[in-house]
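For my numbering, add 6 to where a residue sits in the sequence shown, where the first one is 1.
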Amino acid sequence: MGLSKSKPELKHQELTFVDSFGSSRRLKAIPGQTLLETAVENSVDISTSCGGMGTCGTCRVFLEVTNGLVPARNDIEKDVADEKNFAPNERLSCQIEIPDDDFSWSFHAPEETY
Ligand code: FES
């Protein structure tokens with residue numbers, strides 16, 4: 007009787023960027039990276055003035071979740087969100103870590119920047 011190797015379970019991780027014209031494109035999501043890092047690696051143009059330190063607010067995006075959870079705001083993001091009166095789905099892309107679970111997210115950058 008031989009040992010059977012179990013196949014690694016494939017995760018369903020779907021990350022979509024929607025541009026200002028409404029066109030969407032699927033991005034390769036890498037768990038552990040921030041959403042900003044993932045966007046930059048996929049040539050999505052998101053402003054960053056503070057280099058991902060969570061202080062400038064220019065990397066904000068609007069995030070829609072159709073499956074899975076989004077990490078709660080950390081203290082850094084909470085401070086910016088409170089100060090700039092963010093909508094509930096308005097998030098700092100530099101502060102959201104891509105999870106290692108199943109998820110389906112789409113996001114777009116705002117029309118105007120700070
Ligand atoms: S890059 Fe500055 S807050 Fe995210």
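Heads up, the beta-carbon is just placed ideally off N, CA and C, and yes, glycines get one too.
- Cβ-Cβ distances below 8 Å link S99 to T40, L41, L42, A45, I52, C65, R66, V67, F113 in the same chain, with the five nearest sequence neighbours on each side left out; the list follows chain order.
- By the Cβ criterion, the region 84-97 is in contact with the region 68-75, since at least three pairs of Cβ atoms, one from each stretch, lie closer than 8 Å.
- In chain order, the residues with a C-beta atom nearer than 7 Å to some heavy atom of the ligand FES are L42, T54, S55, C56, G57, G58, M59, G60, T61, C62, G63, T64, C65, V86, L98, S99, C100, Q101.
- Membership of L16 in any beta strand (DSSP E) is not indicated, and neither H nor E is assigned to it by DSSP.
- Contact check for G74 against P116 fails: the beta carbons are separated by 8 Å or more.
- Restricting attention to S55, D25, P37, T61, the CA atom closest to the CA of S49 is found in D25.
- In this structure, the alpha-carbon of S110 lies about 17 Å from that of S29.
- When the alpha-carbon of G38 is set against those of P77, T54, F27, M59, the nearest one is in P77.
- Of the candidates F27, I36, S12, the residue whose Cα lies closest to the Cα of E20 is I36.
- Looking from the CA of G57, the closest CA among S12, Q101, F23 belongs to Q101.
- A straight line joining the alpha-carbon of D88 with that of D107 spans about 28 Å.
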